Ligand SMILES: Cc1ncc(COP(=O)(O)O)c(C=O)c1O
């Protein structure tokens with residue numbers, strides 16, 4: 024039978040990260056000691072108290088469908104968390120829980136954007152942002168940020184990208200992949216621009232708990248931002264709960280209701296047990312969040328210094344998340360003997376083959392001069408991995 028896929032499917036690009044991950048898996052299966060800097064998730068375990076809450080939820084019969092947009096208990100916990108940690112006031116009818124922030128972001132785009140619309144995505148971007156926009160039928164319009172400007176957003180470039188078709192912007196601070204944190208003045212510029220052009224601000228704050236220098240600022244707390252901001256957060260990175268799949272949105276109640284309608288007709292509701300576990304994560308003792316942030320800070324300080332000591336590598340000090348994002352373009356044009364390294368895909372492939380170190384090529388994030396290196400690894404692995412990278416790069420001539 025001839026299969027004809029829809030335009031919707033055909034528009035989606037396959038993940039550029041998969042080639043490296045597949046290669047790493049193959050090498051591992053052959054018994055090679057691969058060090059993976061590819062993970063987009065904490066290496067820590069889910070806190071014990073959260074696991075216990077899930078066990079209890081199962082014993083207590085919380086194993087059935089819940090309301091589509093989440094249980095009343097979880098919405099209450101999210102409201103309290105947003106007030107406690109983010110200085111944000113919402114009521115439960117402004118909250119929807121979803122199967123991870125990825126699902127939240129997908130649903131927002133489904134509710135607000137369609138064919139003919141344009142949505143601003145800042146580059147380097149998290150791989151899924153363009154896909155969310157594309158799947159809604161709208162067109163992503165990229166605005167480049169640079170290491171020279173500390174990955175802040177340039178107002179002139181943004182202004183030039185806005186057209187009468189622009190409906191929103193997807194903002195991500197702290198950022199995956201750069202680890203960059205947007206300054207208050209950058210955030211205010213975005214809010215002003217959004218007000219001027221009547222745009223939605225989709226604020227992906229999944230890494231809000233992992234900031235090293237300044238406390239996270241939620242976009243919706245800025246003057247004139249609240250009405251047009253959809254705040255997206257997640258239990259995934261903060262509580263090492265990536266597999267549990269709980270994220271949420273806080274914002275305009277009509278948008279939240281529209282997302283609830285969409286969610287109700289697609290996935291019904293987020294997992295009931297994970298919702299109960301998320302209540303414990305959000306409301307329980309938060310000491311572990313601080314402890315893990317401190318641990319990430321030690322790793323960050325080590326890896327950025329070590330990467331910057333490798334000849335040709337330049338790495339901005341990331342202020343949040345757990346990614347280093349070195350510029351590796353000094354190695355382009357160099358040769359492995361039989362192959363010239365021309366781009367980030369070539370270099371990532373070389374590092375996996377030569378050094379058994381998996382990294383994610385910057386091309387996946389719209390930034391081909393870079394590699395993304397996740398330091399959600401033990402210090403031993405970080406030290407060994409950086410040493411291997413250094414030795415492999417030294418062999419390129
Ligand atoms: C920037 C960003 N937003 C959203 C997500 C999705 O997180 P979740 O596990 O809650 O779907 C990720 C996960 O890698 C991310 O890096």
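Residue numbers (the working numbering): 24 to 420. No residue lacks a Cβ here, since even glycine has one placed at the ideal position from N, Cα and C. These numbers were taken from a predicted model, which means no experiment stands behind them.
Just verifying my parser: in three-state terms, what is the DSSP assignment at residue i?
i, result
"residue 397", "strand"
"residue 409", "helix"
"residue 210", "helix"
"residue 55", "coil"
"residue 153", "helix"
"residue 244", "helix"
"residue 385", "helix"
"residue 122", "coil"
"residue 366", "coil"
"residue 337", "strand"
"residue 347", "strand"
"residue 204", "coil"
Along the beta strand (DSSP E) that carries residue i, what are the first and last residues, could you check?
i, result
"residue 256", "252-257"
"residue 164", "162-167"
"residue 146", "141-146"
"residue 227", "223-227"
"residue 358", "Note, residue 358: premise wrong, no beta strand (DSSP E); not H, not E."
"residue 268", "No beta strand (DSSP E) holds residue 268; DSSP gives it neither H nor E."
"residue 190", "189-195"
Around the C-beta of residue i, are 16 or more other C-beta atoms found within 10 angstroms, so that it is buried, or is it exposed?
i, result
"residue 250", "exposed"
"residue 116", "exposed"
"residue 219", "exposed"
"residue 24", "exposed"
"residue 282", "buried"
"residue 53", "exposed"
"residue 84", "exposed"
"residue 60", "buried"
"residue 68", "exposed"
"residue 123", "buried"
"residue 288", "exposed"
"residue 346", "buried"
"residue 246", "exposed"
"residue 489", "As shown, the chain starts at 24 and ends at 420. That puts residue 489 outside it, with no answer to give."
"residue 37", "exposed"
"residue 28", "exposed"
"residue 106", "exposed"
"residue 128", "buried"
What residue range does the alpha helix (DSSP H) around residue i cover?
i, result
"residue 317", "310-331"
"residue 287", "276-287"
"residue 24", "Note, residue 24: premise wrong, no alpha helix (DSSP H); not H, not E."
"residue 33", "30-34"
"residue 171", "Taken as a continuous stretch (DSSP letters only), residue 171 belongs to no alpha helix (DSSP H), as it is neither H nor E."
"residue 96", "95-109"
"residue 419", "Here residue 419 belongs to no alpha helix (DSSP H), and DSSP marks it neither H nor E."
"residue 76", "71-82"
"residue 342", "Careful: residue 342 lies outside any alpha helix (DSSP H) and carries neither H nor E."
"residue 296", "295-306"
"residue 180", "178-184"
Less than 7 Å between C-beta atoms, sequence neighbours within five positions excluded: which residues of the same chain meet that for residue i?
i, result
"residue 405", "322, 325, 326, 398"
"residue 209", "175, 176"
"residue 248", "214, 224, 242"
"residue 261", "232, 312"
"residue 173", "203, 339"
"residue 407", "58"
"residue 94", "298"
"residue 352", "392"
Would you say residue i lies against chain B (beta-carbon separation less than 8 Å)?
i, result
"residue 182", "Although the question refers to chain B, the structure presented lacks it and comprises just one protein chain."
Just to confirm my understanding: we take residue i, look at its own chain, exclude 5 residues before and 5 after, and list those with CB closer than 8 Å. What are they?
i, result
"residue 182", "216"
"residue 357", "363, 364, 419, 420"
"residue 156", "132, 136, 142, 144, 162, 163, 193"
"residue 81", "296"
"residue 415", "373, 374, 377, 378, 380"
"residue 75", "303"
"residue 51", "57"
Can you list, in chain order, the residues of its chain with a C-beta nearer than 6 Å to that of residue i? Leave out the 5 residues immediately preceding and following it.
i, result
"residue 331", "338"
"residue 198", "none"
"residue 109", "241"
"residue 119", "92, 272, 279, 282, 283"
"residue 185", "220"
"residue 384", "367, 368, 371"
Using the beta-carbon of each residue, find all residues closer than 6 Å to any heavy atom of ligand 1 and list them in chain order.
63, 123, 124, 125, 149, 195, 199, 227, 229, 257, 259, 265, 270
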